[in-house]
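**Q** Handing you this structure, nothing more for now.
2 protein chains.
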Amino acid sequence: MNNIKIAVVGLGTVGSNVVKSIESLNKSNKVNQKIQFEIIGISAKSKSKKRIIDINKYKWFDDPIDLFNFNFDVLIELIGTEKGISYNLIKKALNQNINVITANKALLAKYGNELFTIAKNNEVKLLFEAAVAGGIPIINLLKNSIFLNRINHISGILNGTTNFILSQMEKNNCTFDESLKLASEKGYAEQDPTNDIEGIDSAYKITLLSSLCYGIEINHNFSNYSGINNFDIEDIKYAKKLGYKIKLISESMLIDDQIYIDTSPKLINENHSLARVEGVLNAINIKTDHLKSLFIEGEGAGGKATSSSIIADLYELITSKKDSKLDSSLSNLKNIKSYDKNSLKRAYYFRILVKDQPGVLSKVTSILTSKNISIQTILQLNEEKINDKVPIILKTYETFEKNIQETINIISNENFIENKIVTLTIHN
Amino acid sequence: MNNIKIAVVGLGTVGSNVVKSIESLNKSNKVNQKIQFEIIGISAKSKSKKRIIDINKYKWFDDPIDLFNFNFDVLIELIGTEKGISYNLIKKALNQNINVITANKALLAKYGNELFTIAKNNEVKLLFEAAVAGGIPIINLLKNSIFLNRINHISGILNGTTNFILSQMEKNNCTFDESLKLASEKGYAEQDPTNDIEGIDSAYKITLLSSLCYGIEINHNFSNYSGINNFDIEDIKYAKKLGYKIKLISESMLIDDQIYIDTSPKLINENHSLARVEGVLNAINIKTDHLKSLFIEGEGAGGKATSSSIIADLYELITSKKDSKLDSSLSNLKNIKSYDKNSLKRAYYFRILVKDQPGVLSKVTSILTSKNISIQTILQLNEEKINDKVPIILKTYETFEKNIQETINIISNENFIENKIVTLTIHN
Chain P
5 MNNIKIAVVG LGTVGSNVVK SIESLNKSNK VNQKIQFEII GISAKSKSKK
55 RIIDINKYKW FDDPIDLFNF NFDVLIELIG TEKGISYNLI KKALNQNINV
105 ITANKALLAK YGNELFTIAK NNEVKLLFEA AVAGGIPIIN LLKNSIFLNR
155 INHISGILNG TTNFILSQME KNNCTFDESL KLASEKGYAE QDPTNDIEGI
205 DSAYKITLLS SLCYGIEINH NFSNYSGINN FDIEDIKYAK KLGYKIKLIS
255 ESMLIDDQIY IDTSPKLINE NHSLARVEGV LNAINIKTDH LKSLFIEGEG
305 AGGKATSSSI IADLYELITS KKDSKLDSSL SNLKNIKSYD KNSLKRAYYF
355 RILVKDQPGV LSKVTSILTS KNISIQTILQ LNEEKINDKV PIILKTYETF
405 EKNIQETINI ISNENFIENK IVTLTIHN
Chain A
5 MNNIKIAVVG LGTVGSNVVK SIESLNKSNK VNQKIQFEII GISAKSKSKK
55 RIIDINKYKW FDDPIDLFNF NFDVLIELIG TEKGISYNLI KKALNQNINV
105 ITANKALLAK YGNELFTIAK NNEVKLLFEA AVAGGIPIIN LLKNSIFLNR
155 INHISGILNG TTNFILSQME KNNCTFDESL KLASEKGYAE QDPTNDIEGI
205 DSAYKITLLS SLCYGIEINH NFSNYSGINN FDIEDIKYAK KLGYKIKLIS
255 ESMLIDDQIY IDTSPKLINE NHSLARVEGV LNAINIKTDH LKSLFIEGEG
305 AGGKATSSSI IADLYELITS KKDSKLDSSL SNLKNIKSYD KNSLKRAYYF
355 RILVKDQPGV LSKVTSILTS KNISIQTILQ LNEEKINDKV PIILKTYETF
405 EKNIQETINI ISNENFIENK IVTLTIHN
């Protein structure tokens, strides 16, 4: 294909930047006179919205489904609904042997198995570099650079909004609400930030990465998650005393041929590369049979950065074989079970607010000991006493989640406890 | 090609690991029953050397040139001579339409233009992921993920030996000699470490990266370099007082359609991602028209990590089109001029050891002022006085190299100066 016919649906920040990138590409010496990218039509909800591009240069479609009355090679889907119109357009395109490029992580995490299979059967591509970690080319890295590695572990910070909030809380001593408000003002948080702050957005992304890493079926139900809603600044402060930061970490690994996928706020040693990822940046760390650590960091969102990933997908369409014997296209995937997280051994952080009375510390430690939990560090912070209550901060050695839950139940019933006990896992 | 016939020449740490990786790949479920990698012959200087592989499983060639009596698809060249046998083998292979995978940065930096052209003309590939930054897939990233970006700047730490030495000096307060000795003991430095510590190895690598980034002819003469031989621990200490670390930074950018390529020890803000790269790790930072910053860090050397890059090249051979319209194969490159580094504006660090006498500080500052150099920070470290000599540490605003040289000449002639003045550029 010397002339690549493209339809772009969805013209928000990313979509508009994609059109702009394509316009400059056609003039660049890398592309000019070799290939032309021709935008055969565009479609979005509002025609009148102010954009960085002149939409009058292109054929406008009020209903994107009408695009299919014309011939084109690639659908770039940037509407981003979890099902509905995005799903219909992508499925229709693939069924008509049209390649698809999308940034729609929710849709792929939920309906990816079906859609990638259609793509495979019809010998077209369904590409999604922009769906995970914005401008970081993690998908290409997994599909090409280290495809022949055996991946042991992948972990990352996959949501810029929550990382901004946590960075803000830590650096400027702001509350969760203040930080979320600032994120909204700066355009880093959506009007309804639920998907971000509850960890759902990150969970979609680690679901997709897991399938690429381990060649397993996309099963979003396996993706455990908890978010940072109403996260308490105290924990960030106390974690720091232990030499840790708190980050919303998504991770995934195979254990005994079962898959463990998790997104949750975790303590992470301040010297770990992921601990240093600040603000809206995203980052991913990978361990393989060949590589002790491969770390990549960059912009996780934004029109220009995400557009970089969309045009990387266009480039892949042009340069890769359709019928490669070794297949990284997310079809013919293994169906495996989810690992029971209660079997996982982890180190934990505890914050227990206790009445300042004699014998409490020894009571707490004896309860932990009775549950076979060994304490690595313990801080009783008398200088933090408020209303006769004192926080006890604990870092345990590795133990089972079940032990932690049982311990919480016992300690919670003690009369020296008034508040909820906070526990967080420690990333290693 | 369902059965890929491979010849491996050079069986040091990397070569042996490559053979081992190929053995496991053939058994892995990603490869097994789809493609077989068949090693049709191996060759190395010493047959009797102890290795992690059983060489008796393969046909041994005392003279690698005899391999060409047999049919094969890929030559993996890991002998690594700058010309001689490596050059002869690679050229012969390409001329006989055999693909080549190599880790030989010196050879490609010197003879790459000729060799990539032969490869292009014969429609075979000359791949070199392992030649730059060991296990970091920077070549694939530049050739595929961000090929359609316009790259503005690339900088990196491309030599693990020197980074280990500098990290060691900084963390453990060792001298250069002590650190180099430790690097040798740990196997991080070669018997003759000249290429590493003088910056030559890094210079080869940034030469190759520059051609990929900017589509320019490989011209190693354009690659300015200076190393860290006999680097003084004092400068690491004083840089720290200013909030900087010292790293051997390779960088490259286009200025006015001319190319500037440099490798030198530089001060780098301690909050910069590259400043945090410790020990033998390598890392690269890229700025493009789409990406404010893309940072990747990993192992820069070692048998397993480098083998990961070699097998990534094998994967590329299988999956990419031979005749892609958009070409990232380093042929048909632009011939451009080298940017005159005297025209470059940089901030500088000065260490001037002066006699502890009145008026010296004002004399130094007035000389700088007379050369239009503005001082951003100045420290006169009286607590560091030794034998009546006191160091003055300066950080300037951006200025031309020419001004710096003239200033050094003037100050050096003052009678309050006894030692050589140290200047280093500051990375921004």
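Line by line, the protein sequences give chains P and A. One gets this note's numbering by counting positions in the first sequence from 1 and adding 4 to each. One gets this note's numbering by counting positions in the second sequence from 1 and adding 4 to each. Just so you know, even glycine gets a beta-carbon here, dropped at the ideal spot from N, CA and C.
So residue 311(A) packs on residue 28(A), CB below 8 Å; how close in whole Å?
**A** As a first step, residue 311(A) must be located in the second sequence, where it is residue number 307. As a first step, residue 28(A) must be located in the second sequence, where it is residue number 24. At roughly 10 Å, the Cβ-Cβ gap does not stay under 8 Å, so residue 311(A) and residue 28(A) are not in contact.
**Q** By how many angstroms is the C-alpha of residue 231(P) removed from the C-alpha of residue 252(P)?
**A** As a first step, residue 252(P) must be located in the first sequence, where it is residue number 248. As a first step, residue 231(P) must be located in the first sequence, where it is residue number 227. Residue 252(P) and residue 231(P): Cα-Cα distance of roughly 7 Å.
**Q** Can you tell me whether residue 273(A) is helix, strand or coil according to DSSP?
**A** Residue mapping note: residue 273(A) aligns to position 269 of the second sequence, counting from 1. DSSP places residue 273(A) in strand when its eight states are reduced to three.
**Q** Consult DSSP for residue 166(P) and reduce its assignment to one of helix, strand or coil.
**A** Residue numbering aside, residue 166(P) sits at position 162 when the first sequence is read from its first letter. Three-state DSSP puts residue 166(P) in a helix.
**Q** Just tell me which of 225(P), 193(P), 218(P) and 196(P) has its CA closest to the CA of residue 208(P).
**A** Along the first sequence, read from residue 1 onward, the residue named residue 208(P) stands at position 204. Out of 225(P), 193(P), 218(P) and 196(P), 225(P) has the C-alpha closest to the C-alpha of residue 208(P).
**Q** Among the residues of its own chain, which have a CB less than 7 Å from the CB of residue 339(A), if the five just before and after it don't count?
**A** In the second sequence, residue 339(A) corresponds to position 335, counting from 1. Closer than 7 Å at the Cβ level, and outside the excluded window around residue 339(A), lie 221.
**Q** Please report the distance separating the alpha-carbon of residue 428(A) from that of residue 276(A).
**A** In the second sequence, the residue the question calls residue 428(A) occupies position 424. In the second sequence, the residue the question calls residue 276(A) occupies position 272. If I take the Cα positions, the gap works out to 17 Å.
**Q** For residue 269(A), count neighbouring Cβ atoms within 10 angstroms of its own Cβ and tell me buried if that reaches 16, exposed if not.
**A** The residue you call residue 269(A) lines up with position 265 of the second sequence. Its Cβ being crowded by 16 or more others within 10 Å, residue 269(A) is buried.
**Q** So, with DSSP's three-state summary, where would you put residue 305(A)?
**A** Locating residue 305(A) in the second sequence gives position 301, where the first residue counts as 1. Residue state, collapsed to three classes: coil.
**Q** Classify residue 201(P) as buried or exposed, calling it buried when 16 or more other Cβ atoms lie within 10 Å of its own Cβ.
**A** Taking the first sequence and counting its residues from 1, the one referred to as residue 201(P) is at position 197. Burial call: buried.
**Q** Quick check on DSSP: helix, strand or coil for residue 280(A)?
**A** Locating residue 280(A) in the second sequence gives position 276, counting from the first residue. Helix.
**Q** Find out if the Cβ-Cβ distance for the pair residue 31(A), residue 330(P) is shorter than 8 Å.
**A** On the second sequence, position 27 is the one that residue 31(A) refers to. On the first sequence, position 326 is the one that residue 330(P) refers to. Going by C-beta atoms, residue 31(A) is not nearer than 8 Å to residue 330(P).
**Q** Return the chain-ordered list of same chain residues with a C-beta closer than 7 Å to the C-beta of residue 388(P), the five sequence neighbours on each side being excluded.
**A** Residue 388(P) sits at position 384 when you count from the first residue of the first sequence. Correct list, in chain order: 394 and 395.
**Q** Give the straight-line distance between the Cα atoms of residue 180(A) and residue 170(A), rounded to the nearest whole angstrom.
**A** For the purposes of this step, residue 180(A) is taken as the residue at position 176 of the second sequence. For the purposes of this step, residue 170(A) is taken as the residue at position 166 of the second sequence. Whole-angstrom Cα-Cα distance: 8 Å.
**Q** Taking buried to mean at least 16 other C-beta atoms within 10 Å of its own C-beta, is residue 381(A) buried or exposed?
**A** The residue labelled residue 381(A) in the question sits at position 377 within the second sequence. So residue 381(A) counts as exposed.
**Q** Does DSSP classify residue 205(A) as helix, strand or coil?
**A** Counted from its first residue, the second sequence places residue 205(A) at position 201. The answer is helix: DSSP assigns residue 205(A) an H, G or I state.
**Q** Starting from residue 365(A), follow the alpha helix (DSSP H) in both directions and report where the run begins and ends.
**A** The sequence position of residue 365(A) within the second sequence is 361, counting from 1. Counting along the chain, the alpha helix (DSSP H) containing residue 365(A) begins and ends at 364-374.
**Q** Within the region 199-262 of chain A, note down every full alpha helix (DSSP H) run reaching 4 residues or more, in order along the chain.
**A** Segments of the alpha helix (DSSP H) lying fully in the region 199-262 of chain A: 204-218 and 237-245.
**Q** Is the beta carbon of residue 278(P) closer than 8 Å to that of residue 353(P)?
**A** Taking the first residue of the first sequence as 1, we reach residue 353(P) at position 349. Taking the first residue of the first sequence as 1, we reach residue 278(P) at position 274. Taking 8 Å as the Cβ cut-off, residue 353(P) and residue 278(P) do not qualify as a contacting pair.
**Q** Can you tell me which of the three DSSP states residue 289(P) falls into?
**A** As a first step, residue 289(P) is located in the first sequence; it is residue number 285 there, counting from the start. Correct three-state label for residue 289(P): strand.
**Q** So, does the region 135-155 of chain A touch the region 144-156 of chain P, judging by three or more C-beta pairs under 8 Å?
**A** Verdict: yes, contact present.
**Q** Quick one: Cα of residue 214(P) to Cα of residue 96(P), how far?
**A** One-based indexing of the first sequence puts residue 214(P) at position 210. One-based indexing of the first sequence puts residue 96(P) at position 92. Each residue's Cα considered, the two are about 26 Å apart.
**Q** For residue 144(P), which residues in chain A fall below 7 Å Cβ to Cβ?
**A** Looking up residue 144(P) in the first sequence gives position 140. Going along chain A in sequence order, the residues near residue 144(P) (Cβ under 7 Å) are 148 and 149.
**Q** Are the CB atoms of residue 13(A) and residue 433(A) within a distance shorter than 8 Å?
**A** Since the displayed chain A opens at 5 and closes at 432, residue 433(A) lies outside it and no answer follows.
**Q** With DSSP as the reference, label residue 353(P) as helix, strand or coil.
**A** For the purposes of this step, residue 353(P) is taken as the residue at position 349 of the first sequence. Here residue 353(P) sits in strand by DSSP.
**Q** So with Cβ pairs under 8 Å, would you call residue 187(P) a contact of chain A?
**A** Start at 1 with the first residue of the first sequence, and residue 187(P) comes out as number 183. No, no contact with chain A.
**Q** Measuring CA to CA, which of 346(P), 418(P) and 345(P) is closest to residue 370(P)?
**A** Translated into the one-based positions of the first sequence, residue 370(P) becomes position 366. Answer by Cα proximity: 418(P).
**Q** What does residue 152(A) reach in chain P if we use C-beta pairs closer than 9 Å?
**A** For the purposes of this step, residue 152(A) is taken as the residue at position 148 of the second sequence. By Cβ distance, chain P contributes 25, 29, 32, 34, 35, 312, 315, 316, 318 and 319.
**Q** Is residue 249(A) near the ligand GTP - that is, is its Cβ less than 7 Å away from at least one heavy atom of it?
**A** Questions concerning the ligand GTP fall outside what the structure shown contains, since it holds no ligand whatsoever.
**Q** Please compile the residues from chain P whose C-beta is within a distance smaller than 7 Å of the C-beta of residue 280(A).
**A** For the purposes of this step, residue 280(A) is taken as the residue at position 276 of the second sequence. The contacting residues are 280.
**Q** Classify residue 349(P): buried if its beta carbon has 16 or more other beta carbons within 10 angstroms, exposed otherwise.
**A** Residue 349(P) sits at position 345 when you count from the first residue of the first sequence. With fewer than 16 Cβ atoms within 10 Å of its Cβ, residue 349(P) is classed as exposed.
**Q** With residue 388(A) as the anchor, note down where its beta strand (DSSP E) starts and where it stops.
**A** Working through the second sequence from its first residue, we reach residue 388(A) at position 384. Looking at the DSSP string, residue 388(A) is not in any beta strand (DSSP E), and its letter there is neither H nor E.
**Q** Listed from N- to C-terminal order along the chain, which residues in the region 247-258 of chain A have their beta-carbon within a distance smaller than 9 Å of any beta-carbon of chain P?
**A** So nothing in the stretch comes that close.
**Q** The beta strand (DSSP E) spanning residue 95(A) covers which residue range?
**A** Your numbering for residue 95(A) matches position 91 in the second sequence. First-last for residue 95(A): 88-99, but that is the alpha helix (DSSP H), not the beta strand (DSSP E).
**Q** Decide if the region 283-292 of chain A is in contact with the region 159-170 of chain A; the criterion is three or more beta carbon pairs, one per stretch, under 8 Å apart.
**A** These segments touch.
**Q** List, in chain order, every chain A residue whose beta-carbon is nearer than 7 Å to that of residue 303(P).
**A** Your numbering for residue 303(P) matches position 299 in the first sequence. What residue 303(P) touches in chain A: 295 and 296.
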